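Trainee: I have a structure here, written as structure tokens, and I will follow up with some questions on it.
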Amino acid sequence: MCFWRGNLLLSKWLTSAAAGGCAPSLSRARVVIVQSDSVRTTKNRFDAKVVEKVLDEGLRALFHGGTSTSIWRQLFSSEDVVAIKLNCIAGRGLSSNKEVVRAIVSGLRSAGVKSENIILFDRMGQDLRRAGYRISTVRGQVRCVGNDRIGYSRDLLMHKSIGSMVSRVVSEYATAIINVPVLKDHGIAGVSIGMKNFFGVIHNPNKYHINACDPYVADLCSHPWIKDKLRLTICDALTAQFEGGPPYMPQWAWPFNGLLISQDMVALDYVGWQIIEKKRKQAGLKSLREVGREPKYILTAADQDHRLGVADLKSIEVKQLKI
């Protein structure tokens, strides 16, 4: 998949699409962790075919079998406009990897989603470029664009504690969202995994970092533009980081060599949080609670006011695969 440069407005070409809504519903919170030691060819390079296999096997485990194509067709309609939210703030080394994104795009195409109706996006074009992506708004191809180019909603979104302008990708264009965060520590929020990644769709995320982002992450994710459009979270954990985030700090990064996949945004974050805590303990570091940055927003997202998912391991089915 190539990301070519272009200078036309994205809005001219996105075909109008009815909201899909064919995503299968899981009866219980389920998170799949799938890893492969073969995924890495060198320290920071990955085998695209192995990455695609890891994703395919993860999806089959999440939905109890079937072919990957049939699963993608259950999740997405050929009429969907699918936004893929990346996390590229850390640059090369700790961003959503292109090999993972290519595998996702291939799956969407197998479901009949048109290339021009697939949008890769993040906060800033410079973040995307630093992570190795090329900005593209070329007719007939996958779009790759930052919010600084596509723009934000004209009106301020007022929802619970949030008062923000929202990326037009989310507010106007997308009928469905795939979230592709990174498994990493965050120096204020505790962890930055799936839900925290949506701070990258608003114009003023710095405003909401007080109190370790609680309840702001949960409040933002409870808005219908996110809650109702999110079909799948695929957390890129090929390289993960347990301290020093959100920037890439190689001394605290490790090769997890896998993906976390779920339709429950809260359950995935909770499981990812526990993985980071375990690694911190192995490294002789204090827990996030002990250092004053427990990610309570994950628990808030599961409370009676938000009901975005499950934050209790007793109620989460965790399936672990090694391939």
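When we follow the working numbering, the leftmost residue of the sequence shown carries the number 15, and every step to the right adds one.
For every residue, glycine included, the Cβ atom is placed at its ideal position computed from N, Cα and C.
What you are looking at is a predicted structure, and each value in this text was computed from that prediction instead of being measured.
From D136 to D242, what does the alpha carbon distance come to, in whole angstroms?
Mentor: So the alpha carbons of these two residues sit roughly 19 angstroms apart.
Trainee: I'd like to check one pair, Y284 with A232: are the Cβ atoms closer than 8 angstroms?
Mentor: No, the pair does not count as a contact, with Cβ atoms beyond the cut-off.
Trainee: Could you have a look at L273 and say whether DSSP puts it in helix, strand or coil?
Mentor: L273 falls in the strand class under three-state DSSP.
Trainee: Taking the runs of the beta strand (DSSP E) that are 3 residues or longer, which of them lie wholly in the segment 154-209?
Mentor: If we require 3 residues or more, the beta strand (DSSP E) runs fully inside the segment 154-209 come out as 157-160, 171-173, 176-178, 190-193, 196-200 and 204-206.
Trainee: By alpha-carbon positions, which one of V48, N101, D169 and H320 ends up nearest to V159?
Mentor: Among V48, N101, D169 and H320, the Cα nearest to that of V159 belongs to N101.
Trainee: My guess is that T314 and P229 are in contact by the Cβ rule of under 8 angstroms, so how many angstroms apart are they, rounded?
Mentor: Sure, about 5 angstroms apart at Cβ, within 8 angstroms.
Trainee: Rounded to a whole number of angstroms, what is the C-alpha to C-alpha distance between L335 and V46?
Mentor: Cα-Cα distance, rounded: 8 angstroms.
Trainee: Can the beta-carbon of I337 be found less than 8 angstroms from the beta-carbon of V48?
Mentor: Closer than 8 angstroms, so yes.
Trainee: Measuring only the C-alpha atoms, how far is N218 from M138?
Mentor: Their backbone Cα atoms lie some 13 angstroms apart in a straight line.
Trainee: CA-CA distance, S84 and A125?
Mentor: Using only the alpha carbons, I get a separation of about 8 angstroms.
Trainee: Here's the rule I'm using: 16 or more other beta-carbon atoms within 10 Å means buried, otherwise exposed. How should H78 be labelled?
Mentor: It counts as exposed.
Trainee: Taking the alpha-carbon of A251 as reference, which of L282, A297 and G80 has the nearest alpha-carbon?
Mentor: Closest by alpha carbon: L282.
Trainee: Quick one: grab the DSSP three-state call for S30.
Mentor: Confidence is the limiting factor: at S30 the pLDDT is only 35, short of 50, which leaves the residue's position unreliable and the question unanswerable from this model.
Trainee: Should the segment 62-79 be regarded as contacting the segment 92-101, the criterion being three or more beta carbon pairs within less than 8 angstroms?
Mentor: Cβ pair count under 8 angstroms is below three, so no.
Trainee: Is L322 helix, strand or coil when you go by DSSP?
Mentor: L322: coil per DSSP, three-state reduction.
Trainee: Given this structure, state the Cα-to-Cα distance separating W27 from K293, to the nearest angstrom.
Mentor: Caution is warranted here: a pLDDT of 33 is assigned to W27, below 50, making its placement in the model unreliable, and the coordinate value is therefore given only provisionally. If I take the Cα positions, the gap works out to 45 angstroms.
Trainee: My assumption, with CB atoms under 8 angstroms, is that I275 sits in contact with I192. Please give the rounded CB distance.
Mentor: I275 to I192, Cβ: 10 angstroms. No contact.
Trainee: Measuring CB to CB, does P260 end up less than 8 angstroms from H223?
Mentor: Against a cut-off of 8 angstroms, the Cβ pair of H223 and P260 comes out as no contact.
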